[in-house]
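Asks: I have a structure I would like to understand better, so I am pasting it below and will then ask my questions one at a time.
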Amino acid sequence: MIRSANLKKEDQVEMVVEIYDSIDNIRSQDHDTEPVYANTKKTPQTQHTGARTGCCRLPTVCLGLLCVLLLTATTVLTVKFYLLTTDRAHLERSYENVVAERAQNRKWLSEQACQFGWTYNGSSFYYISSKVDTWNKSRSYCRKRGADLVIINSREEQVSQEGKKAQ
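This note's numbering applies: residue 29 is where the sequence shown begins, and numbers increase by one.
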């Protein structure tokens with residue numbers, strides 16, 4: 029150890045000198061005796077992991093966690109997409125069934141209504157009476173049967189009703 033008298037104790041540096049010898053000199057010595065440099069203080073060699081290992085550990089862990097999170101999110105979204113696609117297909121089949129049933133019901137209702145003098149036009153049923161009466165009496169007659177006097181909102185409806193009167 030080399031010490032300097034001018035340095036404070038905390039500023040002093042301990043230096044270790046390692047002595048290397050050639051293999052020929054070691055072989056020539058007696059194997060029972062220790063080499064000359066055996067009493068030299070040897071310091072254990074520390075393995076330097078370097079600052080890189082410590083500084084890369086956190087980003088690596090974060091990146092790994094982000095990958096796991098991304099995989100989880102992708103899996104959840106894939107399952108949700110599959111379920112929504114299945115539900116949509118089911119709803120489309122149900123809608124097609126309802127539309128077909130509605131068309132069938134309209135046809136049946138139109139046939140039944142025609143038997144009693146009602147006519148079907150678009151989305152409404154009409155009963156054209158041949159009896160002439162006052163507005164109040166005509167309205168009372170309609171209400172007793174669960175209907176009301178017609179209110180014509182379009183030119184097509186007017187023409188359609190006039191054509192039915194002529195028949």
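Note that beta-carbon positions come from the ideal geometry of N, C-alpha and C, so glycine has one too.
Specify, as a first and last residue, the run of the alpha helix (DSSP H) that N164 falls within.
Replies: The residue given as residue 164 occupies position 136 in the sequence shown. First-last of the alpha helix (DSSP H) with N164: 163-172.
Asks: Hey, out of Y154, L93, E124, whose CA is closest to S138's CA?
Replies: Numbered from its first residue, the sequence shown carries residue 138 at position 110. Nearest C-alpha to S138: Y154.
Asks: Taking the alpha-carbon positions, what's the F144 to I156 distance?
Replies: Position 116 of the sequence shown, counting from 1, holds the residue named residue 144. Position 128 of the sequence shown, counting from 1, holds the residue named residue 156. One Cα belongs to F144, the other to I156, and the distance between them is close to 11 Å.
Asks: For D99 and L91, what's the separation of their Cα atoms in angstroms?
Replies: Here residue 99 is taken as the residue at index 71 of the sequence shown, counted from 1. Here residue 91 is taken as the residue at index 63 of the sequence shown, counted from 1. In the sequence under discussion, the amino acid at residue 99 is Leu, which differs from the Asp named in the question. Using only the alpha carbons, I get a separation of about 12 Å.
Asks: Suppose the cutoff is 8 Å on Cβ atoms and the five residues either side in sequence are ignored; what does the same chain contact list for A141 look like?
Replies: For the purposes of this step, residue 141 is identified with residue 113 of the sequence shown, where counting begins at 1. These residues qualify, in order along the chain: T147, Y148, F153.
Asks: Within a Cβ cutoff of 8 Å, which residues of the same chain sit near L177, ignoring the five residues on either side of it in sequence?
Replies: Here residue 177 corresponds to residue number 149 of the sequence shown, with the count starting at 1. Here the set comprises W163, S166, R167, C170.
Asks: Hey, quick one: how far does the beta strand (DSSP E) through F153 stretch, first residue to last?
Replies: Against the sequence shown, residue 153 aligns to sequence position 125. Going by DSSP, F153 is part of the beta strand (DSSP E) stretching over 152-155.
Asks: Can you pull the DSSP bridge partners for W136?
Replies: Numbered from 1 along the sequence shown, position 108 holds the residue referred to as residue 136. In DSSP, W136 forms no bridge with anything.
Asks: Which stretch, first to last residue, makes up the beta strand (DSSP E) that contains N149?
Replies: Within the sequence shown, the letter at position 121 stands for residue 149. Its beta strand (DSSP E) spans residues 146-149.
Asks: If I measure Cβ to Cβ from A66 and keep anything under 7 Å in the same chain, skipping five residues before and after, which residues do I get?
Replies: As a working mapping, residue 66 is identified with position 38 in the sequence shown. Because the pLDDT of A66 is 49, which lies under 50, any placement of that residue in the model is unreliable, and the number read from its coordinates should be weighed accordingly. Taking A66 as the centre and dropping the five residues before and after it, the same chain places no C-beta closer than 7 Å to its C-beta.
Asks: Is DSSP giving S122 helix, strand or coil here?
Replies: Translated into positions along the sequence shown, residue 122 becomes position 94. Helix.
Asks: Helix, strand or coil: how does DSSP classify L94 here?
Replies: In the sequence shown, the residue the question calls residue 94 occupies position 66. In this structure, L94 counts as helix in the three-state DSSP scheme.
Asks: In chain order, what residues of the same chain lie with their CB nearer than 8 Å to the CB of R121, ignoring the 5 residues before and after it?
Replies: Here the question's residue 121 lines up with position 93 in the sequence shown. Once the five neighbours on either side are set aside, R121 has no close Cβ partner at all.
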